[in-house]
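Below is one structure, written out as structure tokens; the observations come after it.
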Amino acid sequence: MSDRRALIVDDEELARKNLQVMLNDYCPEVEVIGLAANIREAEEFIKSNSIDILFLDI
């Protein structure tokens, strides 16, 4: 069971997937509960989900 719930926001699909894999492999306490390609997707996700960590590509 995870201690922290995370959302990954990045415009590149491969970057989102790579970070998700790394978190799954090296940070089992972090559960990636969502992936978003842009700020609009992220905003909608955050409105309806509780997250502890937000990974942003800037």
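Position in the sequence shown (first residue = 1) + 7 = the numbering used here. All residues carry an ideal CB built from backbone N, CA and C; glycine is no exception.
Sort the options by Cα distance to residue i and report the nearest one.
i, options, result
"Ser55", "Gly41, Val28, Asp64 and Asp10", "Gly41"
"Glu50", "Val16, Arg12, Arg11 and Asp10", "Val16"
Residue i to residue j, Cα distance in whole Å?
i, j, result
"Asp59", "Asn31", "16 Å"
"Glu19", "Ser57", "23 Å"
"Ala44", "Tyr33", "23 Å"
"Pro35", "Arg47", "28 Å"
"Phe62", "Asp10", "16 Å"
"Val39", "Leu26", "10 Å"
Below 8 Å CB to CB, which residues in the same chain sit around residue i once its five sequence neighbours on both sides are set aside?
i, result
"Asp64", "Val16, Asp17, Asp18, Glu19 and Ala22"
Could you pull out every residue in the same chain whose Cβ sits closer than 7 Å to the Cβ of residue i, ignoring the five residues on either side in sequence?
i, result
"Glu52", "Residue identity differs from the one stated: residue 52 is Phe in this sequence, not Glu. Only Leu14, Gly41 and Ala43 meet the Cβ criterion."
On the DSSP bridge assignment, give the partners of residue i in chain order.
i, result
"Ile15", "Leu42 and Phe62"
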